[in-house]
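**Q** Going by the numbering used here, the first residue of the sequence shown is number 49, and it counts up by one from there. Every residue gets a Cβ at the ideal spot worked out from N, C-alpha and C, and that includes glycine. For reference, the structure I am asking about is given below.
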Amino acid sequence: MKNNQPAQYNRVIPVLAVALMTGFGCKTTNSQPYLTTQSPMTLVSSNDGEYNQLFQLTDDQTTDWELKTKDSFTVIHLGPDHPPIIKTVYDTVPCTIYGTPTMAMSSDGRYALIANHSWRPENAQKLKLPAGPQTNADLTPEMLKHPKMTAQRVNMLSLIDLSTPEYGVVNRVLFDDRPMHVLAHPDGQRFITGGDKHFYVHRIENGKLVQLSQNPQPHDLACFWIHPKGHRLIATQGDPLSGAPATVQWYSIQGNRIEHLSEVKVASGVPTKLLDTSFILRISPDGKQALICQRSAGNGIDHSDILFADLTLKKPVINAVIKQVSDGSESFAFHPNGKMAVATALGTDHNCIVVLDIASNPPRLLYTLDTKGRSQGIEFTPEGDKLFVGSPMAGRIEVFDVLGEYELRKNPKFLNIGFGHNSLTVGSRYQPTKDIAK
Numbered sequence: 049m050k051n052n053q054p055a056q057y058n059r060v061i062p063v064l065a066v067a068l069m070t071g072f073g074c075k076t077t078n079s080q081p082y083l084t085t086q087s088p089m090t091l092v093s094s095n096d097g098e099y100n101q102l103f104q105l106t107d108d109q110t111t112d113w114e115l116k117t118k119d120s121f122t123v124i125h126l127g128p129d130h131p132p133i134i135k136t137v138y139d140t141v142p143c144t145i146y147g148t149p150t151m152a153m154s155s156d157g158r159y160a161l162i163a164n165h166s167w168r169p170e171n172a173q174k175l176k177l178p179a180g181p182q183t184n185a186d187l188t189p190e191m192l193k194h195p196k197m198t199a200q201r202v203n204m205l206s207l208i209d210l211s212t213p214e215y216g217v218v219n220r221v222l223f224d225d226r227p228m229h230v231l232a233h234p235d236g237q238r239f240i241t242g243g244d245k246h247f248y249v250h251r252i253e254n255g256k257l258v259q260l261s262q263n264p265q266p267h268d269l270a271c272f273w274i275h276p277k278g279h280r281l282i283a284t285q286g287d288p289l290s291g292a293p294a295t296v297q298w299y300s301i302q303g304n305r306i307e308h309l310s311e312v313k314v315a316s317g318v319p320t321k322l323l324d325t326s327f328i329l330r331i332s333p334d335g336k337q338a339l340i341c342q343r344s345a346g347n348g349i350d351h352s353d354i355l356f357a358d359l360t361l362k363k364p365v366i367n368a369v370i371k372q373v374s375d376g377s378e379s380f381a382f383h384p385n386g387k388m389a390v391a392t393a394l395g396t397d398h399n400c401i402v403v404l405d406i407a408s409n410p411p412r413l414l415y416t417l418d419t420k421g422r423s424q425g426i427e428f429t430p431e432g433d434k435l436f437v438g439s440p441m442a443g444r445i446e447v448f449d450v451l452g453e454y455e456l457r458k459n460p461k462f463l464n465i466g467f468g469h470n471s472l473t474v475g476s477r478y479q480p481t482k483d484i485a486k
């Protein structure tokens, strides 16, 4: 066919074609056929076998109550020049989905810490656990040193060595109360665990967890986040089985001592109700605000809110809200740009993640994206070019590419993990100290 277009039009076509291919993610000479990150990094996912079993229905839509799915954790190494390196380890670390979907990693990437507790809702208590030890009282000191640990209802903190391919558990600590989860302190030296009676402070010495303090608190089960300055923490607390609303509490951290300061309440005129079954919250990287899930459980009836607490005040208050976000929210991730935050929801086949504009006043919901069921752990890469979202229903970590200040697009590639994902952490890849003599 004869081309009757002007010469300058013909010159534009190839340039436009290249731009469109690049813009829509078509393969270029710089692309790789596998997932990459800008810098070497490690993801760790803990995977709750109990939770997975509760949602595996038989043909007649009843649950096989005999527990078969094993607890596990998955270690994923990502980098700029190799495919993902993935290994799942079974039956060495007990873990549970009932709590904040985060855990701790040491600042050098050598150790991961995972908490487990004995609290379970009514339906989970129906599971028939395997024969053998199941609680703290059943364990002996020799059992704590064994490579395997199949007990489900122990109140325990496990220390995993990520420097060897075996990812062995090098230390286990038992608690007299129920530790909901553990986080690394911003100083890179200490780790804080929140229980239903105490906050605990530990450090790692020669591959062992050494307790530095045990700090009593009267507000029941605690999910918390540490302020980036390391001098405060905020916690959602209560007992979901009691029927009473959860509360939000504000604590000081002075050295190894943790003390209660005040309750964080909803300010007058903010159009939201008290917390329902909220146990998840997270502080923004600049330390100015905390995002709080109003309801961290789906009910199939209505959509819950996301609350914002102003942490710049001496006595923080909840002074902003985004209404009707999803049927229960589970966790948050903050993009390094300080403008975008993402919340996970708790649906099954209708699940989503929610993209929020936290730089606007008031904050606002921008859009939702489809994701696999009951999403839990969620983290951005340090550079902010990718977002990871874990699903216990699908046994995978989904990946979203970040294309702009507020734009996410789901990557068709995902990361396979153990069944029942319940928490996620990201950190730097461990690099052994090089022998300078060589």
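Roughly how many angstroms lie between the CA atoms of LEU210 and ILE401, to the nearest whole one?
**A** Each residue's Cα considered, the two are about 30 Å apart.
**Q** From the DSSP output, which residues share a beta bridge with ALA315?
**A** In the DSSP output, where bridge partners are listed per residue, ALA315 has none listed.
**Q** Do you know how far the Cα of VAL202 is from the Cα of ARG343?
**A** Cα-Cα distance, rounded: 26 Å.
**Q** In the DSSP output, which residue or residues are listed as bridge partners for ASN171?
**A** Answer by DSSP bridge pairing: none, since ASN171 is not bridged.
**Q** Can you list, in chain order, the residues of its chain with a C-beta nearer than 7 Å to that of THR77? Leave out the 5 residues immediately preceding and following it.
**A** Note that THR77 scores a pLDDT of 37, beneath 50, so its modelled location is shaky; the value from the coordinates is reported in the next line. Correct list: empty, nothing qualifies.
**Q** Taking only three categories from DSSP, how would you classify ALA292?
**A** Reduced to three states, the DSSP call for ALA292 is coil.
**Q** Suppose contacts are defined by Cβ-Cβ distances below 8 Å. Is GLY147 in contact with HIS250 by that definition?
**A** Contact flag unset, no.
**Q** By the three-class DSSP mapping on this structure, what secondary structure does SER302 have?
**A** Rather than Ser, the amino acid found at residue 302 in this sequence is Gln. Three-state DSSP puts GLN302 in a strand.
**Q** Determine the contact status of ASN91 and ILE328, defining contact as a CB-CB distance below 8 Å.
**A** With the sequence shown as reference, residue 91 is identified as Leu, and Asn is not the correct amino acid for it. Result no, Cβ atoms of LEU91 and ILE328 do not sit closer than 8 Å.
**Q** By Cβ distance, which residues of its chain are closer than 7 Å to LYS174, with the 5 residues on each side in sequence left out?
**A** TRP113.
**Q** Quick check on the burial criterion: 16 or more other C-beta atoms within 10 angstroms. Buried or exposed for GLU427?
**A** Burial call: buried.
**Q** Starting from the C-beta of LEU451, find all residues in its chain whose C-beta is less than 7 Å away, skip the five residues before and the five after it, and write them out in chain order.
**A** Correct list, in chain order: ARG457.
**Q** For PRO189, name the three-state secondary structure that DSSP assigns.
**A** Looking at PRO189 - three-state DSSP - the assignment turns out to be helix.
**Q** Which runs of the beta strand (DSSP E), 3 residues or longer, sit entirely within the region 378-457?
**A** Listed in chain order, the complete beta strand (DSSP E) runs (minimum 3 residues) inside the region 378-457 are 388-393, 400-405, 412-418, 426-428, 434-439 and 444-450.
**Q** Checking the sheet assignment: what are the DSSP bridge partners for TRP273?
**A** Looking at the DSSP assignment, TRP273 forms a beta bridge with ILE282.
**Q** Does DSSP put ASN347 in a helix, a strand or coil?
**A** In the structure shown, ASN347 sits in coil (DSSP, three-state: anything other than H, G, I, E or B).
**Q** Could you tell me if HIS398 is buried or exposed, where buried requires 16 or more neighbouring beta carbons within 10 angstroms of its beta carbon?
**A** Exposed.
**Q** In chain order, what residues of the same chain have a beta carbon less than 7 Å from the beta carbon of GLU453, not counting five sequence neighbours either side?
**A** Answer for GLU453: ASN385, LYS387 and MET388, listed in chain order.
**Q** Determine the extent of the alpha helix (DSSP H) in which LEU222 is found, giving its start and end residues.
**A** That residue, LEU222, is in no alpha helix (DSSP H); its beta strand (DSSP E) goes 217-222.
**Q** Would you identify the three-state DSSP class for HIS100, choosing helix, strand or coil?
**A** As written in the sequence, residue 100 is Asn, which differs from the His given in the question. If DSSP states are grouped into helix, strand and coil, ASN100 belongs with the helices.
**Q** Check the C-beta distance from SER206 over to ILE465 and give it rounded, since I have them as a contact under 8 Å.
**A** That pair is no contact at about 17 Å.
**Q** According to DSSP, which residues form a beta bridge with THR136?
**A** THR136 is bridged to THR122.
**Q** What is the rounded straight-line gap between the Cα of GLY425 and the Cα of PRO264?
**A** Spanning the two alpha carbons is a distance of roughly 28 Å.
**Q** Is DSSP giving ASN203 helix, strand or coil here?
**A** Three-state DSSP puts ASN203 in coil, outside helix and strand.
**Q** Taking the beta strand (DSSP E) that ASN184 falls in, what are its first and last residues?
**A** From DSSP, ASN184 is part of no beta strand (DSSP E); its letter is neither H nor E.
**Q** Counting beta carbon pairs with one atom in the region 352-369 and one in the region 129-136, are three or more of them shorter than 8 Å?
**A** No: fewer than three Cβ pairs fall under 8 Å.
**Q** Count the other CB atoms, across all protein chains shown, that sit within 10 Å of the CB of PRO195; report buried if there are 16 or more and exposed otherwise.
**A** So PRO195 ends up on the exposed side.
**Q** Indicate whether LYS371 and ASP353 have their beta-carbon atoms separated by less than 8 Å.
**A** A contact, by the Cβ cut-off of 8 Å.
**Q** When you compare each of ASP235, PRO234, THR188 and PRO410 to VAL221 by their alpha carbons, which one comes out closest?
**A** The shortest C-alpha separation from VAL221 is found at THR188.
**Q** Is it the case that the Cβ atoms of PRO227 and GLY243 are separated by a distance below 8 Å?
**A** Result yes, Cβ atoms of PRO227 and GLY243 sit closer than 8 Å.
**Q** How would you call ASN470, buried or exposed, if buried means at least 16 neighbouring beta carbons within 10 angstroms?
**A** Its Cβ being crowded by 16 or more others within 10 Å, ASN470 is buried.
**Q** DSSP beta-bridge partners for HIS469?
**A** The partner list for HIS469 (beta bridge, DSSP) reads ASN95.
**Q** Between LEU231 and ALA172, how many whole angstroms is the CB-CB distance? I'm expecting something under 8 Å.
**A** The Cβ separation is near 24 Å, so there is no contact.
**Q** Going by DSSP, what residues sit across from ARG477 in a beta bridge?
**A** Beta-bridge pairing links ARG477 to no other residue.
**Q** Per DSSP, what are the beta-bridge partners of LEU323 in this structure?
**A** Bridge partners of LEU323: none, in fact.
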